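Visitor:
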Amino acid sequence: MDEQASLLALFTSSFLAATLLPGGSEAVLAGVLIAYPDLLWYALIIATIGNTLGGMSSYLIGRLLPDEKSILKKTDGSSRSLKWVRSHGAPVLLLSWTPVIGDALCVAAGWLRVNWLTAMIFMAVGKFARYWIVATATKSVAATIS
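If you're matching positions, the sequence shown starts at 294 in the numbering used here and goes up one per residue.
In structure tokens, the structure reads:
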């Protein structure tokens, strides 16, 4: 696979991983960085943008939900996400990358009408930090192996 195809696969997996669909993009990021170490910054930016846009699609779903009963159905019946977003606002979206609760936080933020730009910025910062950690770990492992 060439560089462009690898980056497209990374974007796609990053986007889908941040939606309500199951999946992870960390392994794809690691694979891209092992195959093309010079693409570090491109890969980090593309993964962050894809994952943030995926998170914003969950935010949009939350905006479209009419009532609390609907949002509880989309978030597996847990009102914890709603309570966290109500209590802490957009900064709680720094955790939007976490498995299970991340999607629920994004949906809750949309339903609670958290400012979309602020929500997107906090999502992006949290997601970038996670990808940076994955990239750093990948770089360390690759250096150890070679």
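For every residue, glycine included, the Cβ atom is placed at its ideal position computed from N, Cα and C.
Please read all numbers here as calculations on a predicted model, not as lab measurements.
Which residues mark the beginning and the end of the alpha helix (DSSP H) in which A320 is found?
Guide: As a position in the sequence shown, residue 320 is number 27, starting the count at 1. Where A320 is concerned, the enclosing alpha helix (DSSP H) stretches over E319 to A328.
Visitor: May I have the straight-line CA-CA distance separating R406 from R356, to the nearest angstrom?
Guide: As a first step, residue 406 must be located in the sequence shown, where it is residue number 113. As a first step, residue 356 must be located in the sequence shown, where it is residue number 63. R406 and R356: Cα-Cα distance of roughly 7 angstroms.
Visitor: For F421, which option in G343, S306, A328 and S380 has the closest C-alpha, if you only look at C-alpha atoms?
Guide: As a working mapping, residue 421 is identified with position 128 in the sequence shown. Comparing Cα positions, the closest option is G343.
Visitor: Answer yes if the region 323-336 comes into contact with the region 372-390, meaning at least three C-beta pairs across the two stretches below 8 angstroms, and no otherwise.
Guide: no
Visitor: For T391, count neighbouring C-beta atoms within 10 Å of its own C-beta (all shown protein chains included) and say buried if the count is 16 or more, exposed if not.
Guide: Working through the sequence shown from its first residue, we reach residue 391 at position 98. Exposed: under 16 other Cβ atoms inside 10 Å.
Visitor: Grab me the residues of A298's own chain with a C-beta within less than 6 angstroms of its C-beta, minus the 5 sequence neighbours each way, in chain order.
Guide: Along the sequence shown, one-based indexing puts residue 298 at 5. None.
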